[in-house]
Amino acid sequence: MSRVRVRFAPSPTGFLHLGGARTALFNWLLARKTRGTFVLRVEDTDARRSSQEMAEGIMEGLSWLGLDWDEGPFYQSRRLEIYREAAKRTVASRHAYTCFCSPEEIQARSAESRLAGRIWRCRRCRNQASRLVRSRVAAGESHTLRFRVPADRRIVFRDQVYGKVSLSTENIEDFTLLRSDGSPTYHLSVVADDWEMGISHVIRGADHLSNTPKQILLHEALGTQAPGYAHLPLILGPDKKRLSKRNGAESVLEYRDQGVLPMALCNYLALLGWSPGDDRELFSNGELVKSFDLDRVNKANAVFDRRKLDWMNSRYLAGSSSQDLVPHLQPFLERSGYPEERGNDGRLLPVIRLLKSRLNRLSDFPEMAGPFLTDDFDYESKAVNRHFSLADPEQRSRLRSRLEILAEEYDQLQEFNLENVEAVLRGAAKESGFKIGVFFGAVRVALTGRTASPGIFDVIVTLGRQRVVERLTRCLKLLQ
RNA sequence: GGCCCCAUCGUCUAGUGGCCUAGGACGCCGCCCUCUCAAGGCGGUAACACGGGUUCGACUCCCGUUGGGGCUACCA
5 MSRVRVRFAP SPTGFLHLGG ARTALFNWLL ARKTRGTFVL RVEDTDARRS
55 SQEMAEGIME GLSWLGLDWD EGPFYQSRRL EIYREAAKRT VASRHAYTCF
105 CSPEEIQARS AESRLAGRIW RCRRCRNQAS RLVRSRVAAG ESHTLRFRVP
155 ADRRIVFRDQ VYGKVSLSTE NIEDFTLLRS DGSPTYHLSV VADDWEMGIS
205 HVIRGADHLS NTPKQILLHE ALGTQAPGYA HLPLILGPDK KRLSKRNGAE
255 SVLEYRDQGV LPMALCNYLA LLGWSPGDDR ELFSNGELVK SFDLDRVNKA
305 NAVFDRRKLD WMNSRYLAGS SSQDLVPHLQ PFLERSGYPE ERGNDGRLLP
355 VIRLLKSRLN RLSDFPEMAG PFLTDDFDYE SKAVNRHFSL ADPEQRSRLR
405 SRLEILAEEY DQLQEFNLEN VEAVLRGAAK ESGFKIGVFF GAVRVALTGR
455 TASPGIFDVI VTLGRQRVVE RLTRCLKLLQ
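Add 4 to a position in the first sequence, counting from 1, and you land on the number used in my numbering.
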């Protein structure tokens, strides 16, 4: 079997959205699984709509996801000679013809044909004598190059996902090869490049399924071998409509900025349209590569479900080592005003260890970690009201003195470890006469300002003796 | 409109003629664990779009209907 060479060929006219990322991922997975080559090609033949910024954004997205490419980026705008050469050959072999119709003219006539349920052909230009064509071109008349789609042929190809697909040429219009400015259009450049770059498998969205016969026709005309095709079902937004700006088609970098881990997104995307055939859902990068198989790709479109992504992300967060999370967490800490935590791993790591299993997104961390990173955190009024504002003055003073004693005990404690801390706190609760939940609740508020936190003993040990004593003492005045 | 493709719980999916009184996951609900909140464990809720065939037997094969998506550009 020949070497696998696949490509991801985004058009830099928009962001790398979920659909594009999934296409890139599947190409990458196949390349890595087969030890093949993953090529990045930027399809920027439409100069008007393409931009270098978009291209860079797409590459940033790919890099973030960990989808590294082996060759490229190749820009089609810098390979125009290849397409012009290919175009020339189609003219020489009479597979293409020069069309002098104006865009307006064509639009009107093709709309007309569509209404009649037919496909449009430019009968006028299709069979013009070549001498006349030459003189009109020489006279500077604006023109395009069109593919001469043969009459009444059935194009049949085998798609690795969809199986046998067939289409009659009666339903294929004479598509444009070269624009009036001489630049190639999509079909020409893909076909020329896929051949020139030795692409073995074209893996792309199913929106190209109907385009494939045109490209096969073009390969025929150029005398080149068509690659294998595998079309991927589309990813739909929550409303079951196609992904659009308002509907999940934002850049994947948005997910990064919202605190999604790249591996979590890859894992989630992999399961959109593909399944391993067993019950596994959480994959390491290596397992994904090993398990991936084009033959197990689904045909039906899939709806993107943010909640499942969040769940998966939370599993990755919980399963990551605290050390590995540090760099991912840094931007969120800085954004929340904890820039001093940079490089301060010694202080950060225990907090990550404590909180990582409760995070859904990286962005949840600063808020949750507040009481562990600074003394200047807020006491939730709800928490203070519920746990400190005891109506009974006797209870208030009892709680107050008990917390005061607790602070003293912690201050004096020999070794400030989990066992000792727990023993002391349980003892204090017992002595206080309050129910354990009530007493622990008060301590929790005193230490974190919240009603919810990790296990109180872990909180105490993570905060450390000094802060615990300080905070217990500090909150006494709330109980005056 | 024409052509192409698709169709299992709300969502992602397993299922390739009998193993299906349809399995897993997210979500949701309940219980357990428990100092709170998560996590975790256990249990529950919920689907073969519809109608015809084929067959001893259809979620699985065929046809149609309906629904959805795609293509129909000098966009990709």
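By construction, the Cβ of each residue, glycine as well, lies at the ideal position given by its N, Cα and C atoms.
If you draw a straight line from the alpha carbon of residue 236 to that of residue 462, how long is it in whole angstroms? The count along the first sequence starts at 1 and reaches residue 236 at position 232. The count along the first sequence starts at 1 and reaches residue 462 at position 458. Going by the C-alpha atoms only, they are around 48 angstroms apart.
Cα-Cα separation, residue 178 to residue 368: Position 174 of the first sequence, counted from the first residue, corresponds to residue 178. Position 364 of the first sequence, counted from the first residue, corresponds to residue 368. Taking the CA atoms as reference points, residue 178 sits about 54 angstroms from residue 368.
Contacting residues, own chain, Cβ-Cβ under 7 angstroms from residue 126 (five flanking each side not counted): Position 122 of the first sequence, counting from 1, holds the residue named residue 126. Result list for residue 126: 103, 105, 150, 178, in chain order.
Given that a residue counts as buried once 16 or more other Cβ atoms are within 10 Å of its Cβ, and exposed if not, what is residue 160? On the first sequence, residue 160 is found 156 positions in, with the first residue counted as 1. Label assigned to residue 160: exposed.
Coarse secondary structure for residue 163, derived from DSSP in three states: Taking the first residue of the first sequence as position 1, residue 163 is located at position 159. Secondary structure at residue 163: strand, using DSSP grouped into helix, strand and coil.
Please look up how many angstroms separate the CB atoms of residue 34 and residue 61, rounded, as I've assumed it's under 8 angstroms. The residue you call residue 34 lines up with position 30 of the first sequence. The residue you call residue 61 lines up with position 57 of the first sequence. Contact flag wrong, Cβ pair sits at about 24 angstroms.
Segment limits, beta strand (DSSP E) that includes residue 207: Looking up residue 207 in the first sequence gives position 203. Residue range 205–209 is occupied by the beta strand (DSSP E) that includes residue 207.
For residue 445 and residue 477, the rounded distance between their alpha carbons: Here residue 477 refers to the residue found at position 473 of the first sequence. Here residue 445 refers to the residue found at position 441 of the first sequence. Cα to Cα, residue 477 sits roughly 16 angstroms from residue 445.
Put residue 522 into one of helix, strand or coil per three-state DSSP. The structure shown does not extend to residue 522, since the chain is modelled only from 5 through 484, so no value can be given for it.
How would you write the range of the alpha helix (DSSP H) that residue 42 sits in, first residue to last? Along the first sequence, one-based indexing puts residue 42 at 38. Per DSSP, residue 42 lies in no alpha helix (DSSP H); the unbroken beta strand (DSSP E) holding it starts and ends at 41–46.
Pick from 71, 58, 22: whose alpha carbon is nearest that of residue 41? For the purposes of this step, residue 41 is identified with residue 37 of the first sequence, where counting begins at 1. Nearest option by C-alpha distance: 71.
Does the segment 140–155 come close enough to the segment 7–16 that 3 or more CB-CB pairs lie under 8 angstroms? In the pairwise beta carbon analysis, the segment 7–16 is classified as not touching the segment 140–155: fewer than three pairs are separated by under 8 angstroms.
Which value, in whole angstroms, describes the spacing of the CA atoms of residue 324 and residue 201? Within the first sequence, the letter at position 320 stands for residue 324. Within the first sequence, the letter at position 197 stands for residue 201. Each residue's Cα considered, the two are about 39 angstroms apart.
Beta-carbon proximity list for residue 433, same chain, < 7 angstroms, skipping 5 on both sides: To locate residue 433, count along the first sequence from 1; it is residue 429. Apart from sequence neighbours up to five positions away, the residues of its chain that approach residue 433 with a beta-carbon distance below 7 angstroms are 440, 443, 444, ordered along the chain.
Spatial neighbours of residue 68 within its chain, please: CB distance less than 6 angstroms, with the 5 preceding and 5 following residues excluded, ordered by chain position. Here residue 68 corresponds to residue number 64 of the first sequence, with the count starting at 1. Within the same chain, residue 68 has close Cβ partners 260, 266.
Residue 148 and residue 119 closer than 8 angstroms at C-beta: As a first step, residue 148 is located in the first sequence; it is residue number 144 there, counting from the start. As a first step, residue 119 is located in the first sequence; it is residue number 115 there, counting from the start. One thing to note: residue 148 has its Cβ no nearer than 8 angstroms to the Cβ of residue 119.
Only counting the same chain, and skipping five residues up and downstream in sequence, which positions put a Cβ closer than 8 angstroms to that of residue 299? One-based indexing of the first sequence puts residue 299 at position 295. Closer than 8 angstroms at the Cβ level, and outside the excluded window around residue 299, lie 164.
Applying the 10 Å Cβ sphere with the 16-neighbour rule, what's the burial state of residue 36? In the first sequence, residue 36 corresponds to position 32, counting from 1. Buried: at least 16 other Cβ atoms inside 10 Å.
Which runs of the beta strand (DSSP E), 3 residues or longer, sit entirely within the segment 216–253? Listed in chain order, the beta strand (DSSP E) elements of length 3 or more contained wholly in the segment 216–253 are 232–236.
Count Cβ pairs between the segment 411–418 and the segment 462–472 that sit closer than 8 angstroms; are there 3 or more? As far as the Cβ criterion goes, the segment 411–418 touches the segment 462–472, which means the pair count is three or higher.
Pull up the DSSP beta-bridge partners for residue 170, would you. Residue 170 sits at position 166 when you count from the first residue of the first sequence. Partner(s): 160.
Can you pull the DSSP bridge partners for residue 180? Here residue 180 corresponds to residue number 176 of the first sequence, with the count starting at 1. According to DSSP, residue 180 bridges with 150.
For the structure I just gave you, are there three or more beta carbon pairs, one from the segment 320–340 and one from the segment 356–372, closer than 8 angstroms? As far as the Cβ criterion goes, the segment 320–340 touches the segment 356–372, which means the pair count is three or higher.
Considering only the beta carbon of each residue, do residue 87 and residue 193 sit closer than 8 angstroms? Here residue 87 refers to the residue found at position 83 of the first sequence. Here residue 193 refers to the residue found at position 189 of the first sequence. Contact flag set, yes.
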